[in-house]
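Protein chains in written order, with the working numbering: chain L, 1 to 313; chain E, 1001 to 1803.
And the structure:
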């Protein structure tokens, strides 16, 4: 049951910014899979809704000179089928997506594919957008976790100010809170230097095989900068802290020496050392999250071909 | 006619075999439901409709000191705000303990405190948010043991003053509002003997089931309209319209002729729409708005705290066994956290007591099933009705026993199974005609071990288990059914019943039974959709898996009457005695001169002669059925309490991931002795649906309360139920055995709830076989399995990949 609200559908970003600026109670609408649920529950009652779907340039996924640009209105399905990603993914991914634990070889952006595949259901994947998912700032949001591990940068437009670039790790400020100022609009994200990405994977657990949010998740990315001798690992975890977080300690262990079963174990222990997930989660207990994280790390490394299965028992 | 003896066979002229029963006829409502043409409650149009919304208690137990309604009244669109002062109605069929609006005090979070009526649904909802009660909090009690402890806060201090039917036993001054007790022999002596004798093995355990929700597709709702001071019509999605009618007539002290209850298509019940839910409150509110229909429709969230939940049982079991494992004695206490109102759960508790020891022979026992008030939403009927509670406890318990005694779990069950000549807890004798429990165990065992399962992945372990089951309907001793069949001028037949089609397929099964009993093609018969108490025959309730059975029997009686009337008209027309009329399902003829033939249409309304004169009248049949011989339990819980038993056996094969605790169910098996399968596809659908609901109860479902009794997962985001993705790789196997039931239509007995009953223990016992872990509380989530592994081993394997 919705409170009445004014509905705007601007066709340019400037128009959208002005509408936001002049309607203090306005909220942005993209796919609506979070906003409409909250409005129905009357958790939010915006006086105006500014629908961004009339701005076509926000829905694009394109390779730029130094980065991969993902527009805020790109849907989860767009990510899954986009040429940039699909061209490099295994043909078996076409059509009915296999479960994320598949042994298909991962690609540099494989973690995003893993995340998009595990995301909700077909209908919601067709509707939910990247920008909405990021702006909703859920601590366990699958795409957010991957993009933090990918060192992505948020592109933000303001009404009176020039645009800003915010590293995604700084973009999230807490559950449902972001660095966006009133009147600012998230335009999309950039993943820097995609050609450096060697492989990546996202592993998560949820309460059911069917549609569910992640109880806990981890994204692992391997990247090699030109001129450097060794590739570097970066990783981020979801649903263990108020925002998706990196684990510098685990990254340091994995980057200090070649990855072996014993370094993976050490990294797994480092992952959870300073974590204290909140006890009030309905999805999983802190004990559970901490117990499975090292396993998820090993599973991700295995999926990336960095840890052979026979070495891990 | 049929392949087995039958008490009330249909008119047999020309019928050689079962032509329609046993066939997978398509659902009669398939087209309407698939195209969206089927109208449910919320689809019905009403002119001048008012909308009601409920202000609900935010406190688990508190005195209402003041109720501020002025702000709500002042809101544009709000017509009125009603509270207990205006609507002081109290209902309850067995125990009158349910105030439709809280007056004086609230007893759970979510209890209706006031109702706002408005011109539109939004204004009503906003108004409800503006109602502000002032509470004085009282100590609240949530846990069933705490509620039973001496000195516990009393949820109903006035229990002694409530009207109660004679066969129920409240204990005023406590939170216990009913107990069923039964005993046989001297169990205490056997347990005493175990202290000194090694020949007696004893095990004790406690087994928990949480509150769970039905999660029907369609929310609960009602539209009520008073067309005069004594004339009420209610449209609702109740499973039992005739019961709703009775409750409303008594509540408003008006004749039942003045209460009309109309039920369109129902979007799922599972027991959660039996008894009354929102109808009494909607009707009470509408009485204050004469001439205007008032709609009360619950939101998905309100379905969790605004109607009734299920289960919520803590079972304590003690059993004594001889060295071979045979049961010597048992003591059981089943304690139900029934919530703040007892009338809806009272018979669940009673029914659980009747089967307290499961499908096993126990020579000496003492059992008690206890109904306890708590400050939570109340429980009531939920698919299985007391049986999943008992089977969870007993089957988990026997698994402990088997392990501790070093016995094969299936063999332990086999040597203790009830067999003809044994007595149930109620003292009723097991007869051969009740079905073949042992054959069900064999059939399930054979299905469970069929090849075709992939090997477990590295790091996963496999387990399997079999759990027998039985289920009896819990019902009034006079739970009657009626049916009418009317032949139309074109030779087609209208079938009217009071049993509701809520998705279970009864309209299809009953049409098949009518077709079989009349000998007429299925297409000639239509089961009138929906129930309208102004026109539909009586039905006690559509509960307990009894509709096909009881209404089916009534239809057979009605069919016999219809055929008699048809032959009477034909005999008049042919000028022969009625017993000289032949009938093959499509044609009537003179037995002495088969060339003299009539179509049914020619004599459906009367016997019309060439000169224009007519004799006879419209052809119709009326039939009734009452399960015979039921009575109330005596002081020791003995009596003819169940009219029917269905025996079966279920099994599960699971894999468990030692690294994450995740359970993957590979195969679920049900073997059920259903007497006669009326429609194989629908029967399988019912059983598979129940198995899936059992899978949800086993691994996902639990209402989670915070420390103040508020439900934290009221909604389907965090109250998880199985979806198709959870079932994609589950091999669901159903086998039907057919030991004919003499009191059922063409031998059929009940089957709808049964597929749920032993699924949770089968999964839990398979997990124990795989890991050694005993999980005695539901649900068994990956989280709970992993935490148990961390505590008790086997140690989870942290660094294994599962490609």
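C-beta atoms are modelled at their ideal positions from N, C-alpha and C, and glycine is treated no differently.
Residue range 1387-1405 is occupied by the alpha helix (DSSP H) that includes residue 1400 (chain E).
Here residue 260 (chain L) is exposed: its Cβ has fewer than 16 other Cβ atoms, across all protein chains shown, within 10 Å. Residue 1347 (chain E) and residue 283 (chain L) have their alpha carbons spaced roughly 34 Å apart. Under DSSP, residue 1070 (chain E) shares a beta bridge with no residue. Using a Cβ-Cβ cut-off of 9 Å, residue 1454 (chain E) is close to nothing in chain L; its nearest Cβ partner there is about 14 Å away.
Residues of the same chain with a CB within less than 7 Å of the CB of residue 1136 (chain E), apart from the 5 flanking positions on each side, are 1062, 1063 and 1065 in chain order. Taking 8 Å as the cut-off, the Cβ atoms of residue 1377 (chain E) and residue 1297 (chain E) do not count as close. Here residue 1187 (chain E) is buried. Its C-beta has 16 or more other C-beta atoms within 10 Å. Burial is judged here by how many other beta carbons sit within 10 angstroms of a residue's own beta carbon; residue 1541 (chain E) has at least 16 and is buried. By the CB criterion at 8 Å, residue 1650 (chain E) and residue 1762 (chain E) fall inside the cutoff. In the displayed model, residue 1218 (chain E) falls within coil according to three-state DSSP, outside both helix and strand. DSSP, reduced to helix, strand and coil, places residue 209 (chain L) outside both helices and strands of the structure shown, so it counts as coil.
For residue 1700 (chain E), the chain L residues whose C-beta falls within less than 9 Å of its own C-beta are 207 and 208, listed in chain order. In this structure, residue 1088 (chain E) sits away from residue 1104 (chain E), with a CB-CB distance that is not shorter than 8 Å. Excluding five sequence positions before and after residue 171 (chain L), the CB atoms of its chain that fall closer than 6 Å to its own CB belong to 154, 178 and 179, given in chain order. Going by DSSP, residue 1549 (chain E) is part of the alpha helix (DSSP H) stretching over 1547-1574. The three-state secondary structure of residue 1502 (chain E), taken from DSSP, is coil. Secondary structure of residue 1273 (chain E) (DSSP, three-state): coil. Taking a Cβ-Cβ threshold of 7 Å, the residues of chain L close to residue 1787 (chain E) are 285, 287 and 288, in chain order. What residue 1712 (chain E) touches in chain L, judged by beta-carbon distance under 7 Å, is 282, going in chain order. In this structure, DSSP gives residue 1471 (chain E) an extended state, which the three-state scheme calls strand. Rounded to whole angstroms, the Cβ separation of residue 1694 (chain E) and residue 1760 (chain E) is 6 Å, and the two are in contact under 8 Å. Counting C-beta pairs with one atom in each stretch, the stretch 1436-1450 of chain E and the stretch 1361-1370 of chain E have fewer than three that are closer than 8 Å, which means they do not touch. In this structure, residue 236 (chain L) and residue 244 (chain L) form a Cβ contact; the two beta carbons are roughly 5 Å apart against a cut-off of 8 Å.
Considered as a whole, the stretch 1195-1260 of chain E harbours 1201-1212, 1221-1228 and 1231-1236 as its complete beta strand (DSSP E) runs of no fewer than 3 residues, in chain order.
Uninterrupted alpha helix (DSSP H) stretches at least 4 residues long and entirely within the stretch 220-267 of chain L occur at 248-256, given in chain order. For residue 1538 (chain E), there is no enclosing beta strand (DSSP E), as DSSP gives it neither H nor E. Annotation for residue 1599 (chain E): 1491 and 1587 place their beta carbon closer than 7 Å to its own, counting only its chain and skipping 5 residues before and after. For residue 75 (chain L), the secondary structure class from DSSP, reduced to helix, strand or coil, is strand. In the structure shown, the three-state DSSP call for residue 1321 (chain E) is strand.
In the DSSP assignment, residue 1295 (chain E) forms a beta bridge with E:1051 and E:1223. In chain order, 1720 make up the part of chain E whose C-beta sits under 8 Å from the C-beta of residue 212 (chain L).
Under the three-state reduction of DSSP output, residue 1729 (chain E) falls in the coil class, being neither helix nor strand.
Residue 1440 (chain E) carries a helical assignment under DSSP once its states are collapsed to helix, strand and coil.
Residue-level contact by beta carbon fails for residue 1731 (chain E) and chain L, as no gap is shorter than 8 Å. Rounded to the nearest whole angstrom, the CA to CA distance from residue 48 (chain L) to residue 190 (chain L) is 29 Å.
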